[in-house]
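A.B. asks: Counting from 1, one number per residue, gives the positions in the sequence shown under the UniProt record's numbering. The beta-carbon is built from N, C-alpha and C at its ideal position, and this holds for glycine as well.
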Amino acid sequence: MACRMRHVLMGTGDTANIAVAHIISCRKFQFPQVTSAAYLRLKSPSFLSAVSSFAKREELFPGVRTKLHLQNRICRLVASSFSSSSSAANSSMDATVQKKLVLLPVANDTEEMEAVILADVLRRAGADVTLASVENDLQILASRKVKLVADTNISLCEGHKYDLIVLPGGMPGAARLRDSATLQKLVEAQAKEKRPFAAVCAAPAVALETWGLLQGLKATCHPSFTERLTNKEAVDNRVVRDGLATTSRGPGTSIEFALSLVEQLFGKDKMEEIAKALIVLPPNVTPAAEEYNPTEWKGKDGFRVLVPIANGSEDIESVVIIDVLRRAGFDVVVASVEKDLQVVASGKVKIVADTLIGDVASSDFDAIVLPGGIPGAETLHRCSTLTKLLQKQLESKRIIAAICASPAVVLEAGGFLKGKKATAYPRFTKDLSDQSAIDARVVIDGLVITSRGPGTTMEFALSIVEKVLGFEKVASMAEAMVLPYSKILVKQAVH
Numbered sequence: 001m002a003c004r005m006r007h008v009l010m011g012t013g014d015t016a017n018i019a020v021a022h023i024i025s026c027r028k029f030q031f032p033q034v035t036s037a038a039y040l041r042l043k044s045p046s047f048l049s050a051v052s053s054f055a056k057r058e059e060l061f062p063g064v065r066t067k068l069h070l071q072n073r074i075c076r077l078v079a080s081s082f083s084s085s086s087s088a089a090n091s092s093m094d095a096t097v098q099k100k101l102v103l104l105p106v107a108n109d110t111e112e113m114e115a116v117i118l119a120d121v122l123r124r125a126g127a128d129v130t131l132a133s134v135e136n137d138l139q140i141l142a143s144r145k146v147k148l149v150a151d152t153n154i155s156l157c158e159g160h161k162y163d164l165i166v167l168p169g170g171m172p173g174a175a176r177l178r179d180s181a182t183l184q185k186l187v188e189a190q191a192k193e194k195r196p197f198a199a200v201c202a203a204p205a206v207a208l209e210t211w212g213l214l215q216g217l218k219a220t221c222h223p224s225f226t227e228r229l230t231n232k233e234a235v236d237n238r239v240v241r242d243g244l245a246t247t248s249r250g251p252g253t254s255i256e257f258a259l260s261l262v263e264q265l266f267g268k269d270k271m272e273e274i275a276k277a278l279i280v281l282p283p284n285v286t287p288a289a290e291e292y293n294p295t296e297w298k299g300k301d302g303f304r305v306l307v308p309i310a311n312g313s314e315d316i317e318s319v320v321i322i323d324v325l326r327r328a329g330f331d332v333v334v335a336s337v338e339k340d341l342q343v344v345a346s347g348k349v350k351i352v353a354d355t356l357i358g359d360v361a362s363s364d365f366d367a368i369v370l371p372g373g374i375p376g377a378e379t380l381h382r383c384s385t386l387t388k389l390l391q392k393q394l395e396s397k398r399i400i401a402a403i404c405a406s407p408a409v410v411l412e413a414g415g416f417l418k419g420k421k422a423t424a425y426p427r428f429t430k431d432l433s434d435q436s437a438i439d440a441r442v443v444i445d446g447l448v449i450t451s452r453g454p455g456t457t458m459e460f461a462l463s464i465v466e467k468v469l470g471f472e473k474v475a476s477m478a479e480a481m482v483l484p485y486s487k488i489l490v491k492q493a494v495h
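Structural data, given as structure tokens:
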């Protein structure tokens, strides 16, 4: 039992949990010498949800039947242990104590791009982000049918204080957030206690405005909802901060929005550090994808795409690729290369695939698109089924695409980039044979397209759409996403 308990603790992703896992007495549920830093993490909803589920299943507290009562029991036990810890342990106030707590509620039909970008970017900065489902189940089906698994239920967040509460958009997801009485109570308390709150896309108008939290404040939202805002002075701005409220426009502004929240919580230096790591565009710059050896991409009718994912795949890249390609009307199949459908991405977002890679081993796809992330890309490289599918793709002259680490770790290492110009995440470009286009954000060479990282994913996915459906279609999509987009630039004629 102790081993299984330790697995639950470490599976929550909290570093403090790992530190205390070895001192837990499973049957008595005691926490001797828990430091103040560890105690703070032990109280987090994601930790308590995982432990309570285990404790209930193992009947550690006979007679306790409801999760809420069980949560309270665990809280009291942890608190008791904390108060009896040595004074030396209590004074060990390391950086973890200063960790910012962020609540990110999600619902069925939440815009997955916005939710995952917010979670990924804020976690990169060091925030303790809790994804909380307002539905009965932790698994939600987002607006483009991406299946995400929340860390906890919103009911278990009641009574907790957060440094930030941020709402993603999507419809009717934003309406489902609005209709959550528990969430409304949490956000209203956040405002009353002078702590920041934020929302993007439909959520500023549908939720915050409805709750009366934007009264007297400038705000923005998705263009299709601006009429619902009382104050329209700043609706054309991509990100608006006024008082405690920060609002933004849509999927295409989500990274800017998330970075503005990072700056508020952690300062400008941290924001710039994260922006650089993401490879975010400078303001008012919209470079085009570079195309070499132009080739017509076929398959407009019923265009079928395989997106393989693994534990450690990059969260933003995985979800944005799926989201954008489904917006285009493509039949996107998300396949796990792991033993289970659910994978835990590099930023700890839990994604449930549509199928296992073995179940599509004999299928044909118009395109195979690989997200990056480490160790995700390494796992993709080791997957023999995926290697065979890529080989078949190459031989049948169909599209291969990869981003971030995958152009180097999967395609170059597997021999799929012979004679091709490509790019990759900066620390992997040295592994590419052809170095002539490595500084481009998106590179197309014949039937191969590659890109650099999380901050280039939207351009990457939209370039695929442009090659298949044309510029008019992709321009319409980019406008709806509130994202500037430039037509693919042909750099070299066919040899």
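At what residue ranges does the region 172 to 198 contain a whole run of the alpha helix (DSSP H), taking only runs of 4 or more?
C.D. replies: The region 172 to 198 contains these whole alpha helix (DSSP H) runs: 173 to 178, 181 to 192.
A.B. asks: Quick one: using the 10 Å Cβ neighbour count with 16 as the cut-off for buried, is residue 285 buried or exposed?
C.D. replies: Here residue 285 corresponds to residue number 285 of the sequence shown, with the count starting at 1. It is exposed - the Cβ of residue 285 has fewer than 16 other Cβ atoms within 10 Å.
A.B. asks: So, helix, strand or coil for residue 354, using DSSP?
C.D. replies: Counting from one through the sequence shown, the residue named residue 354 turns up at place 354. If DSSP states are grouped into helix, strand and coil, residue 354 belongs with coil.
A.B. asks: Our contact map puts residue 131 next to residue 107 with C-beta atoms below 8 Å; I'd like the distance itself, whole angstroms only.
C.D. replies: Residue numbering aside, residue 131 sits at position 131 when the sequence shown is read from its first letter. Residue numbering aside, residue 107 sits at position 107 when the sequence shown is read from its first letter. Actually they are not in contact, since the Cβ atoms of residue 131 and residue 107 sit about 11 Å apart, beyond 8 Å.
A.B. asks: Kindly indicate which residue of 447, 330, 361, 341 has the alpha-carbon position closest to the one of residue 395.
C.D. replies: Reading the sequence shown from its first residue, position 395 is the one you call residue 395. Among 447, 330, 361, 341, the Cα nearest to that of residue 395 is on 447.
A.B. asks: Starting from residue 478, follow its DSSP beta bridges and name the residues at the other end.
C.D. replies: The residue given as residue 478 occupies position 478 in the sequence shown. DSSP output for residue 478 lists no bridge partner at all.
A.B. asks: Across the region 431 to 446 and the region 278 to 296, are there enough close Cβ pairs to call them in contact, namely three or more that are closer than 8 Å?
C.D. replies: Yes: at least three Cβ pairs fall under 8 Å.
A.B. asks: Of all the beta strand (DSSP E) runs that stay within the bounds of the region 121 to 168, which reach a length of 3 or more residues?
C.D. replies: The region 121 to 168 contains these whole beta strand (DSSP E) runs: 128 to 133, 139 to 141, 147 to 149, 164 to 167.
A.B. asks: How is residue 235 classed by DSSP in three states: helix, strand or coil?
C.D. replies: In the sequence shown, the residue the question calls residue 235 occupies position 235. It is coil, neither helix nor strand.
A.B. asks: Roughly how far, in whole angstroms, is the beta-carbon of residue 146 from the beta-carbon of residue 322, given that I think they are within contact range, below 8 Å?
C.D. replies: For the purposes of this step, residue 146 is taken as residue 146 along the sequence shown, with counting starting at 1. For the purposes of this step, residue 322 is taken as residue 322 along the sequence shown, with counting starting at 1. So it is a contact: roughly 6 Å between Cβ atoms.
A.B. asks: Express the C-alpha separation of residue 398 and residue 387 in angstroms, rounding to a whole number.
C.D. replies: Against the sequence shown, residue 387 aligns to sequence position 387. Against the sequence shown, residue 398 aligns to sequence position 398. Taking the straight line joining both Cα atoms gives about 14 Å.
A.B. asks: Got a sec? Which residues, its chain only, sit under 7 Å from residue 436 by beta carbon, not counting five neighbours each side?
C.D. replies: As a first step, residue 436 is located in the sequence shown; it is residue number 436 there, counting from the start. Counting only Cβ-Cβ distances below 7 Å, and skipping sequence neighbours, we find 421.
A.B. asks: Below 7 Å, is the gap between the Cβ of residue 154 and the nearest heavy atom of the ligand FAD?
C.D. replies: This structure simply doesn't include the ligand FAD, nor any ligand for that matter.
A.B. asks: Excluding the 5 residues preceding and the 5 following residue 338 in the sequence, name in chain order all residues of the same chain whose CB lies nearer than 7 Å to its CB.
C.D. replies: For the purposes of this step, residue 338 is identified with residue 338 of the sequence shown, where counting begins at 1. The answer, listed in chain order, is 310, 311.
A.B. asks: Is it buried or exposed, residue 204, if we count other Cβ atoms within 10 angstroms and call 16 or more buried?
C.D. replies: Counted from its first residue, the sequence shown places residue 204 at position 204. Classification for residue 204: buried.
A.B. asks: Tell me which residue opens and which closes the beta strand (DSSP E) that residue 290 is part of.
C.D. replies: As a position in the sequence shown, residue 290 is number 290, starting the count at 1. 290 to 292 is the extent of the beta strand (DSSP E) around residue 290.
A.B. asks: Is residue 219 closer than 8 Å to residue 245 when the C-beta atoms are compared?
C.D. replies: For this step, residue 245 is matched to residue 245 along the sequence shown. For this step, residue 219 is matched to residue 219 along the sequence shown. Their beta carbons are under 8 Å apart, which means residue 245 touches residue 219 by this criterion.
A.B. asks: Taking the alpha helix (DSSP H) that residue 262 falls in, what are its first and last residues?
C.D. replies: Numbered from 1 along the sequence shown, position 262 holds the residue referred to as residue 262. Note, residue 262: alpha helix (DSSP H), 254 to 266.
A.B. asks: Within 10 angstroms of its Cβ, does residue 391 collect 16 or more other Cβ (buried), or is it exposed?
C.D. replies: Position 391 of the sequence shown, counted from the first residue, corresponds to residue 391. With fewer than 16 other Cβ atoms within 10 Å, it is exposed.
A.B. asks: Please determine, among 476, 103, 117, the residue with the shortest C-alpha to C-alpha distance to residue 128.
C.D. replies: By one-based count along the sequence shown, residue 128 stands at place 128. It is 103 whose Cα lies nearest to the Cα of residue 128.
A.B. asks: Taking just the CA atoms, how far does residue 199 sit from residue 380?
C.D. replies: Stepping through the sequence shown from its first residue, residue 380 is reached at position 380. Stepping through the sequence shown from its first residue, residue 199 is reached at position 199. Those two C-alpha atoms are separated by around 35 Å.
A.B. asks: Using the DSSP secondary-structure output, state which residues sit across from residue 385 in a beta bridge.
C.D. replies: Here residue 385 refers to the residue found at position 385 of the sequence shown. BP columns for residue 385 are empty, so no partner.
A.B. asks: So, with DSSP's three-state summary, where would you put residue 436?
C.D. replies: Mapped onto the sequence shown, residue 436 falls at position 436. Looking at residue 436 - three-state DSSP - the assignment turns out to be coil, as it is neither helix nor strand.
A.B. asks: Where does residue 226 sit, in a helix, a strand or coil, going by DSSP?
C.D. replies: Residue numbering aside, residue 226 sits at position 226 when the sequence shown is read from its first letter. Note: residue 226 maps to helix in three-state DSSP.
A.B. asks: Under the assumption that residue 385 contacts residue 358 (Cβ atoms under 8 Å), give the Cβ distance between them as a whole number of angstroms.
C.D. replies: For the purposes of this step, residue 385 is identified with residue 385 of the sequence shown, where counting begins at 1. For the purposes of this step, residue 358 is identified with residue 358 of the sequence shown, where counting begins at 1. Right, the Cβ-Cβ distance comes to about 6 Å (below 8 Å), so this counts as a contact.
A.B. asks: Less than 8 Å between C-beta atoms, sequence neighbours within five positions excluded: which residues of the same chain meet that for residue 215?
C.D. replies: Here residue 215 refers to the residue found at position 215 when the sequence shown is read from its first residue. Excluding sequence neighbours, residue 215 sits near 230.
A.B. asks: Go ahead and pull the three-state DSSP assignment for residue 496.
C.D. replies: Outside the shown range of the chain, which is 1 to 495, sits residue 496, and nothing can be said about it.
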